[in-house]
Amino acid sequence: MPSWINTDEGMIYYQFSQSGIIVKVVNISGSSFTSFQKNEDLPGICRQFNPQLNLSENGIVTILRDAFSNPTNLKVVDAVLKVSTSIEKLKFSWSFGWQFELSPCVNTIEEVFNPIWNSMMLLIEEKNTLISLMKKKDKEIAEFKSLGITLSKKSKISAPYDPAKTLKNIIVPVQSTSQILSNQQFKEVISKSYETRNASAASSPCKKEKSTDSALIPLL
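Sequential numbering of the sequence shown, starting at 75, is according to the working numbering.
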């Protein structure tokens, strides 16, 4: 499953598939970059950055997947995403480094802002659904009251829900791009948007690439 993670430089999206590794970076200024490495090229890239290691394609994928799970292993320098971690086996430990050469996204709207827009639409739909549910609950409570039913504790009595009044009292602070990108809720709604979009794509009659991200690949 594709994922978004937060770093000091912005947000990083990554996905492991049968054909390769897809990486997208949105930095704190809002610019977006992408990189793709084929699985068949991974052993050669590994020898370039880790000449002391002889790892299989599957072993490299396992190490990189674990590395991406910890944002402290990732750092964006200029147009390069650098990955630094370590491999521990028995009583031995080896350092492991990797790099993804980043290029500006060709279609930023499709690759970055569409998920953000979809997330906004999702939040609006959730808000409207919750408002409708609250109004329905208020009608039910009013009907109970008309039958003479009361609560035993007055502290649990609440006023009827007024959307206009509630929204008016909500204060949303103005945030910079870096603050938005580092916000956990922002990351969660973006991830949810990608999951929804990928689920829709998977249900399409068109042939889609099967992801191997959910499979546990042993280190060889």
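By construction, the Cβ of each residue, glycine as well, lies at the ideal position given by its N, Cα and C atoms.
Since the structure is predicted, the reported quantities are computational estimates derived from the model, not experimental observations.
Determine which residues share a DSSP beta bridge with residue i and list them.
i      : result
ASN80  : MET85
PRO178 : PHE107
GLN173 : LYS156
ILE215 : In DSSP, ILE215 forms no bridge with anything.
SER167 : GLU162
LYS112 : GLY94
When the Cα of residue i is compared with those of the options, which residue comes out closest?
i      : options                           : result
SER93  : VAL99, LYS112, GLY84 and GLN122   : LYS112
TYR235 : LEU221, LYS211, LYS219 and SER220 : LYS211
LYS149 : THR81, ILE223 and ALA233          : THR81
ILE215 : ILE198, CYS120 and ALA233         : ALA233
ILE95  : LYS209, PHE110, ILE134 and SER130 : PHE110
ASP140 : ASP152, LYS228, VAL154 and SER158 : SER158
SER295 : GLU131, ALA153 and ILE102         : Since the first and last residues shown for the chain are 75 and 294, residue 295 lies out of range.
VAL180 : TYR87, SER106, SER91 and ILE102   : SER106
TYR87  : LEU155, SER130 and LEU116         : LEU155
PHE174 : ASN144, ILE102 and ASP115         : ASP115
GLY301 : GLU162, PRO145 and LEU197         : Nothing about residue 301 can be reported from this structure: the residues present for the chain run from 75 to 294 only.
PRO237 : SER229, LYS209 and LYS228         : LYS209
Alpha helix (DSSP H) containing residue i: first to last residue?
i      : result
ILE134 : 131-142
LYS118 : Note on residue identity: the sequence assigns Gly, not Lys, to residue 118. It spans 116-123 - the alpha helix (DSSP H) in which GLY118 sits, taken as one unbroken run.
If you follow the beta strand (DSSP E) that residue i is in, where does it begin and where does it stop?
i      : result
GLY94  : 94-101
VAL151 : 148-151
Any heavy atom of the ligand ADP within a distance shorter than 7 Å of the CB on residue i?
i     : result
ILE96 : As far as ligands go, the structure on display features none, and thus does not contain the ligand ADP.
Count the other C-beta atoms from every protein chain shown that fall within 10 angstroms of the C-beta of residue i, then say buried if there are 16 or more, exposed otherwise.
i      : result
LEU225 : exposed
MET85  : buried
LYS239 : exposed
LYS98  : buried
LEU207 : exposed
TRP78  : buried
PHE218 : exposed
TRP172 : buried
ASN221 : Sequence inspection shows Leu at residue 221; the Asn mentioned does not correspond to that position. Exposed, by the Cβ-count rule.
ILE137 : buried
GLN89  : buried
THR108 : buried
PRO279 : Residue confidence for PRO279 is low, a pLDDT of 44 falling below 50, so the modelled location carries little weight; the figure read from the coordinates is stated next. Counting Cβ neighbours within 10 Å, PRO279 comes out exposed, since fewer than 16 surround it.
LEU164 : exposed
VAL100 : buried
PHE166 : exposed
GLY118 : exposed
VAL135 : buried
For the structure I just gave you, are there three or more beta carbon pairs, one from the region 118-137 and one from the region 193-202, closer than 8 Å?
Verdict: no, contact absent.
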